[in-house]
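Protein chains in written order, with this note's numbering: chain A, 13 to 281; chain B, 12 to 220. Remarks on the structure that follows.
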């Protein structure tokens, strides 16, 4: 949690002057260099970045990216951080929107060695650190997986004792098997008996698919969610309709609203 | 720290026409939809159990039921709104009751104002504002949007509307205003976001000038 302004002690001998307010530092724009570009799905790419001076982050936080045209015009967008805090590089995963202003440039025009500006980390609520324990219940829709993947990666990188105390369940809704972002890595993470992954493929399924094939609904959540007495920490990220539906159902199932944290993740252009 | 902006080769961007560009605060882009952003589940309080409270520092309160509130003079408000997540929506149309009206009514019941307020909502959300930012025709309790009752996902039955500040200050599902002698940071204000949130000064995050 970022601190509010802290009042410093005044060193002046005038009692009429208010004490100086010590403000936390501004979140500065930094120069990031692209080290690697990973095609995740036909519509999304991960940029792996070197960010000198990066102050560290907590899984679930985001950054702002700023692009500047040659005539000085600027555009900013927010992207969730995909990488775990202990990694030396920072990564973001961008879903390409065909009519977007920023995402096609980030996914199509930038390559290894190019630089971009970013600032962060931002946000102190939709966050999870292995010290917060579990069980974790993560609900993702489409590119809403990104901040939740940072949490799963942070869990995987944690010492065994913390990892063991944070069983994680991921319910991940995608249109098709080819639209599943981080598909292979998620499969590897789920080898850990403390990680359970449930996919639902809402538009098309590969031959032999035996998993869910519908949008997230009450029956599905009742089947896969850790029971309310286990007091799971719940994080939901995805399009508004998915988030509204899942959050409402989970409250109806008996989970405390304060333990249901949401991030609406309309893809940003 | 970046000393000067990095030029993104080949990035052209999508500029708003001049008439609209002047209405876009720095770092914002025009959005025609109305995105939903909230930190938790949408609360659903039935109107029969809904009320709205103004509470002074000394604990004196003025309270209105839904029907009592509706009996106060309504205003229609057309303003641009600016979300800290970068979108701006032009010419949004609201119906509501001015906070000035509520303060005047509350004064008749012995509720005094104070230099700051905390708006509080169903679901536990809070946001802080200086009194100056919610008086003088700058803030409303809004229950209508675009000619219809305000949707729950956008804050219905009623939300605070403070369109000159980033939209997290326009607390959804608002249930009351607590006057406070000192500034008491609210939910997002202790979670990394700016204390005041003026979009024209790009006061997005804690520490922004």
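All residues carry an ideal CB built from backbone N, CA and C; glycine is no exception. Values in this document were obtained by computation on a predicted structure and should not be read as measured data.
For residue i, the nearest candidate out of the options (CA to CA)
i	options	result
residue 144 (chain A)	A:203, A:152, A:243	A:243
residue 140 (chain B)	B:86, B:208, B:103	B:208
residue 112 (chain B)	B:148, B:96, B:211	B:148
residue 39 (chain B)	B:169, B:185, B:178	B:178
residue 117 (chain A)	A:179, A:79, A:95	A:79
residue 177 (chain A)	A:187, A:201, A:142	A:142
residue 64 (chain A)	A:128, A:90, A:89	A:128
residue 237 (chain A)	A:189, A:264, A:225, A:216	A:264
residue 101 (chain B)	B:16, B:51, B:199, B:175	B:175
residue 213 (chain B)	B:154, B:98, B:103, B:152	B:98
residue 67 (chain B)	B:57, B:128, B:170	B:128
residue 192 (chain A)	A:158, A:147, A:41, A:43	A:158
residue 284 (chain B)	A:273, A:90, A:95	Given a span of 12 to 220 for chain B in the structure shown, any question on residue 284 (chain B) remains unanswerable.
residue 171 (chain A)	A:98, A:55, A:73	A:98
residue 254 (chain A)	A:55, A:267, A:186, A:239	A:186
residue 96 (chain A)	A:109, A:74, A:70, A:217	A:70
residue 164 (chain B)	A:209, A:161, A:259, A:202	A:259
residue 65 (chain B)	B:220, B:200, B:171	B:171
residue 42 (chain B)	B:146, B:103, B:17	B:103
residue 106 (chain B)	B:160, B:215, B:37	B:160
residue 17 (chain B)	A:77, A:276, A:39	A:77
residue 273 (chain A)	A:138, A:234, A:239	A:138
Continuous beta strand (DSSP E) stretch holding residue i: start and end
i	result
residue 133 (chain A)	127-134
residue 73 (chain B)	72-76
residue 110 (chain A)	Unbroken run through residue 110 (chain A): none, as it is neither H nor E.
residue 76 (chain A)	74-80
residue 62 (chain A)	56-62
residue 87 (chain A)	86-92
residue 62 (chain B)	62-66
residue 91 (chain B)	86-93
residue 189 (chain B)	185-191
residue 44 (chain A)	42-53
residue 208 (chain A)	207-213
residue 152 (chain A)	148-153
residue 141 (chain B)	137-141
residue 155 (chain B)	151-156
residue 180 (chain A)	180-186
residue 275 (chain A)	272-276
residue 45 (chain B)	Premise fails: residue 45 (chain B) is in no beta strand (DSSP E) and is neither H nor E.
Short Cβ contact (9 angstroms threshold) for residue i with residue j
i	j	result
residue 183 (chain A)	residue 212 (chain A)	yes
residue 195 (chain A)	residue 214 (chain A)	no
residue 126 (chain B)	residue 193 (chain B)	yes
residue 34 (chain B)	residue 69 (chain B)	no
residue 207 (chain A)	residue 167 (chain A)	yes
residue 54 (chain B)	residue 269 (chain A)	yes
residue 47 (chain A)	residue 101 (chain A)	yes
residue 112 (chain A)	residue 218 (chain B)	no
residue 257 (chain A)	residue 231 (chain A)	no
residue 51 (chain B)	residue 134 (chain B)	yes
residue 132 (chain B)	residue 185 (chain B)	yes
residue 114 (chain A)	residue 87 (chain A)	yes
residue 110 (chain B)	residue 72 (chain B)	no
residue 108 (chain B)	residue 85 (chain B)	yes
residue 74 (chain A)	residue 136 (chain A)	no
residue 68 (chain A)	residue 160 (chain A)	no
residue 88 (chain B)	residue 130 (chain B)	no
residue 138 (chain B)	residue 200 (chain B)	yes
residue 41 (chain A)	residue 130 (chain A)	yes
residue 179 (chain A)	residue 147 (chain A)	yes
Opening and closing residue of the alpha helix (DSSP H) in which residue i lies
i	result
residue 231 (chain A)	230-236
residue 158 (chain A)	157-169
residue 263 (chain A)	252-264
residue 116 (chain B)	110-119
residue 198 (chain A)	195-201
residue 31 (chain B)	29-32
residue 174 (chain A)	172-176
### Message
Taking 8 angstroms as the cut-off, does the region 53-66 of chain B touch the region 75-92 of chain B (at least 3 CB pairs, one atom from each stretch)?
### Response
Verdict: yes, contact present.
### Contact between the region 216-226 of chain A and the region 116-126 of chain A (3+ Cβ pairs under 8 angstroms)
no
### Task
Pair every Cβ in the region 240-255 of chain A with every Cβ in the region 149-157 of chain A, then say whether three or more of these pairs are closer than 8 angstroms.
yes
#### Entry: Where the region 262-274 of chain A meets chain B: residues whose CB sits under 8 angstroms from a CB there
Listed by position, the residues of the region 262-274 of chain A near chain B (Cβ gap below 8 angstroms) are 262, 263, 269, 270, 272, 273, 274.
### Query
Are the region 97-105 of chain A and the region 55-69 of chain A touching by the rule of at least three beta carbon pairs closer than 8 angstroms?
yes
#### Entry: Interfacial residues, the region 31-55 of chain B to chain A, with Cβ spacing under 7 angstroms
38, 40, 46, 47, 48, 49, 50, 51, 52, 53
### Query
If contact means a Cβ-Cβ distance below 9 angstroms, which residues of the region 45-64 of chain A contact chain B?
none
### Task
Say whether the region 80-87 of chain A touches the region 19-33 of chain B, bearing in mind that this needs 3 or more beta-carbon pairs closer than 8 angstroms, one atom from each stretch.
yes
### Query
Just by C-beta distance, which residues in the region 104-118 of chain A are closer than 7 angstroms to chain B?
The residues in question are 113, 117.
### Message
If contact is defined by three or more beta carbon pairs under 8 angstroms, each pair taking one atom from either stretch, is the region 180-194 of chain B in contact with the region 149-166 of chain B?
### Response
yes
### Query
Got a sec: which bits of the region 95-118 of chain B sit with their beta carbon under 8 angstroms from any beta carbon on chain A, in order along the chain?
96, 97
#### Entry: Residues from the region 117-141 of chain B in contact with chain A, defined by Cβ distance under 8 angstroms
134, 135
### Task
Pull out every residue of the region 197-217 of chain B whose Cβ sits closer than 9 angstroms to any Cβ of chain A, in chain order.
198, 199, 200, 201, 202, 203, 204, 206, 215, 216, 217
#### Entry: Where the region 151-179 of chain B meets chain A: residues whose CB sits under 8 angstroms from a CB there
164
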